[in-house]
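Sequence lines, in order, name chains A and B. In terms of our numbering, the first sequence opens at residue 1 and continues consecutively. In terms of our numbering, the second sequence opens at residue 457 and continues consecutively. Only one structure is covered here, and it is reproduced in the block below.
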Amino acid sequence: MTAGSPFLSPDIAISVSGLSKRYSLGARRRGQDTMREHLTARARSLLRGELRAESATHLALRDVSFDVPRGEVVGIIGRNGAGKSTLLKILARVTTPSAGHAQIRGRLGALLEVGTGFHPELTGRENVFLNGAILGMKRQEVARKFDEIIDFAEIHKFVDTVVKRYSSGMYVRLAFAVAAHLEPDILIVDEALAVGDFAFQRKCLGKLQAQAGSGRTVLFVSHNVGAIRMLCNRCLMLEEGSVVLDGPADAVVEKYVELLGQQRAAVQSGPRRPDVGSGFLLHPRDPESDLTIFCGEPIVFDFDIEAEQPPTDAKVGISLRVTTPTGEYLVTMDSVVQRAGWIQGEEKRWNVRCDLGRLPLNEGAYFVWVTVCVYVDHTVKRFARFTNAFALHVLENDVFGWGSGLPRSRHWGPLYWAPEWQIQPVGPRPAILHPTSRAASDGIHREAVACRDSSA
Amino acid sequence: MADPQQVIDIHPQRGLFDLDLRETWESRELLGFLVWRDVKVRYRQTAIGVFWFVLQPLLATLIFTVLFGRLAKLPSAGLPYPVFAYAALVPWHFFAQAVTRGVNSMTQERQLISKIYFPRLLLPLGVLLAGVVDFGVGFLVLGGMLAWYGIMPGVAVVLTPLFVLLTIATALAVVTWLAPLNVRYRDVSYTLPFLLQIWMFSSPVAYSVELIPDRWRWLYGLNPMAGVIESFRWAWLGTTPPSPSLLVASTAGVVILLSAGVIFFHRMERTFADTI
């Protein structure tokens with residue numbers, strides 16, 4: 001079709017070479033949206049002696065190259081602003097690159113956002129057809145899959161209701177259902193799984209997995225490293241617009257998690273002053289300490305407390321508190337209550353190591369406060385508190401081995417637990433036991449770790 | 457479109473005349489859906505629906521009749537002034553609405569533009585074609601008015617579709633230039649109402665083209681809407697036909713403006729997602 005196509009071998013679905021994208025910051029700045037502002041900005045730069053108003057630019061993508069063979073499922077990870085979405089936007093042809101080029105062989109379906117193109121004033125049925133057309137489906141194709149789409153979205157009763165009367169959950173389910181039935185040769189998905197309730201997310205993941213299994217080429221951007229590990233055989237990691245890692249999904253995810261931990265530790269290196277009170281400094285030990293963990297992994301906090309005055313007369317205890325990002329206390333652990341010993345003597349600097357074991361935290365972000373309490377005669381005389389001394393990032397993990405991670409803490413609460421269930425019929429016959437989980441929580445942990453190891 | 461071996465090339469630049477018109481043509485089903493959506497949604501939750509389109513030119517006719525017909529006593533080619541004005545207001549109103557909606561169609565669908573790829577020209581095209589439905593209703597009312605005044609349109613009325621096409625082309629020509637500018641500078645959408653108002657008074661809507669001195673006619677003819685309106689009046693009311701040379705000149709002008717506009721639009725379209 002075009003001059004470049006002979007260079008693309010038939011088994012390569014996506015070929016990207018030297019792709020860069022430069023955004024002019026001026027063009028994106030809000031305040032410069034009218035012509036007058038643009039002209040005054042230009043005039044101002046002229047006064048400053050510049051001939052052309054060189055607006056500041058930002059390289060969102062720099063020299064990215066990779067090939068994706070047909071049928072491969074590739075994940076893309078990276079922190080916010082690493083260029084993941086820009087890359088997908090270029091491949092989806094929503095925007096153009098500033099340099100380099102890309103070739104795509106086959107019919108492309110891009111799902112950059114769920115529900116774009118839905119019209120609130122149209123019914124569910126009408127929107128399915130409209131959205132299908134926008135995503136590139138033929139009318140007959142949509143008609144053929146219509147029942148399947150409605151089944152998938154579970155909105156049978158509301159097919160002919162105007163979409164603006166839908167609950168947000170129904171809306172998102174229908175939108176994803178349409179997109180999920182697109183069935184292109186190459187599917188590009190950006191964070192589309194972060195929608196809907198958990199059960200539906202699982203269903204979407206399943207659908208994606210089915211698509212991936214059927215020889216479709218998939219490019220999948222997500223923050224959800226659990227989903228990446230589950231779906232992808234290969235993973236690219238982007239950092240400031242460049243591909244810094246490209247390899248097996250498990251290895252790249254592992255590195256990514258490590259990197260997140262390092263960055264957080266680096267931020268915290270050096271002594272911290274208390275936010276409340278005074279007299280003590282906190283030195284986080286081991287800047288490599290990994291504060292990003294998978295659900296079900298052990299948590300250890302290791303830090304030094306430096307007293308300005310050696311605690312010769314007083315007894316000093318340590319208290320650790322885990323909170324949610326919104327500041328709710330989850331649990332408080334106290335060395336004094338547990339009679340774990342005191343900080344007391346001529347030494348100025350003391351090491352504190354607190355092994356929380358496997359705290360059953362669900363996926364999410366948490367903070368840890370450290371409070372240093374000075375006791376005189378068994379009462380707290382004064383204290384120094386280090387609010388948010390540590391940030392703890394718990395990543396999704398399949399703790400129970402049921403095929404997927406647990407829901408985020410904001411949906412299911414911060415803690416998971418493994419109670420012993422007994423489910424049996426109520427009737428004259430002798431009860432038959434169906435223990436779904438006989439494992440004590442420790443056993444489950446072992447299982448989870450084993451599961452993780454096997455996937456690594 | 458479903459050709460599995462089809463290769464999409466993504467490049468920073470594209471030739472001036474690399475217009476992807478084939479792709480636009482292949483997306484005609486989507487265009488159909490966009491038109492259908494627009495028709496369906498436009499008058500949702502209004503009590504009188506499509507009659508809004510009839511009502512607006514009718515009210516304008518009423519005002520014009522009082523102001524220009526009764527008070528200023530402008531000549532109306534020997535016809536009752538309301539019919540004279542309404543026959544011009546139907547195409548003018550379609551044109552003004554098409555331009556306004558077309559120019560704003562980009563910014564209104566910014567979500568779509570920044571997340572999904574499709575030939576961007578479909579958006580203004582869909583809005584324009586959806587307006588044709590209203591146009592038809594306007595003609596029905598005009599027919600009713602003619603019956604009321606006992607005026608019989610001549611044979612030339614069969615040429616109406618041709619003139620409708622010319623109106624659409626004129627509106628599209630304007631939109632292909634102004635819509636991309638509006639993506640970058642929202643000033644365009646603020647300026648548009650004034651521009652259209654000035655344009656209306658430079659077109660023979662409220663008055664007859666005979667009011668223009670002969671030596672200025674050629675300049676007047678540069679306004680394609682002058683030719684369009686005169687043609688409609690001739691077709692429906694049997695006024696003096698517009699001079700063929702004027703009609704040819706303004707048609708040629710529209711074709712040139714439209715072709716250049718489509719090229720301009722395709723050049724600008726590539727950065728829509730970044731600047732919108």
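Built from N, CA and C at the ideal position, the CB exists for glycine as well.
With the cut-off set at 7 Å, would you say isoleucine 188 of chain A and alanine 82 of chain A are in Cβ contact? Cβ distance not < 7 Å, so isoleucine 188 of chain A and alanine 82 of chain A don't count as in contact.
Write down the C-beta distance between methionine 681 of chain B and phenylalanine 551 of chain B rounded to the nearest angstrom, noting that I regard them as a contact closer than 8 Å. Going by Cβ atoms, the distance from methionine 681 of chain B to phenylalanine 551 of chain B rounds to 6 Å, so yes, they are a contact pair.
Identify the residues that DSSP records as bridge partners of tyrosine 676 of chain B: which are they? Residue pairing for tyrosine 676 of chain B: DSSP places it in no beta bridge.
Can you name the residues of chain B whose CB is closer than 7 Å to the CB of glycine 117 of chain A? Leu568 and Ile572
Once the 5 residues before and after tyrosine 166 of chain A are set aside, which same chain residues still bring their CB inside 7 Å of it? Phe158
Please classify histidine 58 of chain A: is it buried, with 16 or more other beta-carbons within 10 angstroms of its beta-carbon, or exposed? exposed
Neighbourhood of threonine 96 of chain A by C-beta, 8 Å cutoff - its chain only, sequence neighbours within 5 removed: Ile90
For arginine 30 of chain A, collect the residues of the same chain with a Cβ closer than 8 Å to its Cβ; drop the 5 residues on either side in sequence, then sort them by chain order. Interpretation of arginine 30 of chain A is limited by its pLDDT of 44, a score under 50 that renders its predicted location unreliable; no figure is taken from the coordinates.
Quick test of the definition: if touching needs 3 or more C-beta pairs under 8 Å, does the region 522-534 of chain B touch the region 664-679 of chain B? yes
Between glycine 4 of chain A and the rest of its own chain, which residues show a CB-CB distance below 8 Å, the 5 nearest in sequence each way excluded? A caution first: glycine 4 of chain A carries a pLDDT of 43, below 50, which makes its placement in the model too unreliable to give a value.
Which class does serine 715 of chain B belong to by DSSP, given the choice of helix, strand or coil? helix
Please tell me whether leucine 281 of chain A has its Cβ less than 7 Å away from any Cβ of chain B. So no, leucine 281 of chain A is outside the interface.
Taking the beta strand (DSSP E) that glycine 18 of chain A falls in, what are its first and last residues? 12-24
In chain order, what residues of the same chain have a beta carbon less than 7 Å from the beta carbon of valine 16 of chain A, not counting five sequence neighbours either side? Val64, Ser65, Phe66 and Ala102
Residues of chain B with CB under 8 Å from leucine 112 of chain A, in chain order? Lys571 and Ile572
Residue environment, proline 10 of chain A, which counts as buried when at least 16 other CB atoms sit within 10 Å: exposed
By the 9 Å beta-carbon criterion, what residues does the region 74-99 of chain A contribute toward chain B? The residues in question are Lys89, Ile90, Leu91, Ala92, Arg93, Val94, Thr95, Thr96, Pro97, Ser98 and Ala99.
Return helix, strand or coil for glycine 117 of chain A, following the three-state DSSP convention. coil
Pull up the DSSP beta-bridge partners for leucine 237 of chain A, would you. Checking the displayed sequence, the identity of residue 237 of chain A turns out to be methionine instead of leucine. In the DSSP output, where bridge partners are listed per residue, methionine 237 of chain A has A/Ile77 and A/Leu245.
For phenylalanine 176 of chain A, go through chain B and note every residue whose CB falls closer than 7 Å to its CB, in chain order. Result: empty, since nearest Cβ-Cβ is about 14 Å, beyond 7 Å.
Can you give me the C-alpha to C-alpha distance between alanine 418 of chain A and phenylalanine 367 of chain A, rounded to a whole angstrom? 24 Å
Cα-Cα separation, arginine 285 of chain A to asparagine 351 of chain A: 9 Å
Just to confirm my understanding: we take glycine 582 of chain B, look at its own chain, exclude 5 residues before and 5 after, and list those with CB closer than 7 Å. What are they? Excluding residues up to 5 positions away in sequence, Leu487, Leu490, Val491 and Asp494 lie with their Cβ nearer than 7 Å to the Cβ of glycine 582 of chain B in the same chain.
In DSSP terms, what aspartate 190 of chain A is bridged to: A/Val221
Asparagine 638 of chain B classed as buried or exposed, judged by whether at least 16 other C-beta atoms fall within 10 angstroms: buried
Answer yes or no: does any C-beta atom of chain B fall closer than 7 Å to that of histidine 58 of chain A? no
How long is the line joining the alpha carbons of tyrosine 805 of chain B and valine 644 of chain B, rounded to whole angstroms? The first residue shown for chain B is 457 and the last is 732, placing residue 805 of chain B beyond what the model contains.
Cβ of aspartate 476 of chain B within 7 Å of any chain A Cβ: no
For alanine 133 of chain A, return the contacting residues in chain B, with the cut-off set at a CB-CB distance below 7 Å. Glu485, Leu486 and Phe489
Quick one, are the C-beta atoms of threonine 123 of chain A and valine 162 of chain A less than 7 Å apart? yes
Residues of its chain near alanine 627 of chain B, where Cβ-Cβ distance is below 7 Å and the 5 sequence neighbours each way are ignored: Phe551, Ala554, Val555, Gly558 and Leu584
Which first and last residues belong to the beta strand (DSSP E) in which phenylalanine 303 of chain A is found? 299-307
Give every residue of the same chain whose Cβ lies closer than 6 Å to the Cβ of serine 242 of chain A, excluding the five residues on either side of it in the sequence, and list them in chain order. Arg62
Give the range of the alpha helix (DSSP H) segment to which phenylalanine 400 of chain A is assigned. Where phenylalanine 400 of chain A is concerned, there is no enclosing alpha helix (DSSP H), given that its DSSP letter is neither H nor E.
Can you round the beta-carbon distance between valine 300 of chain A and arginine 385 of chain A to whole angstroms, since I take them to be within the 8 Å contact cut? That belief does not hold up - the Cβ atoms of valine 300 of chain A and arginine 385 of chain A are roughly 21 Å apart, past 8 Å.
Give me the chain B residues within the contact set of tyrosine 479 of chain A, using Cβ-Cβ distance strictly less than 7 Å, ordered along the chain. A question about residue 479 of chain A goes unanswered here, because the residues of chain A that appear run from 1 up to 456.
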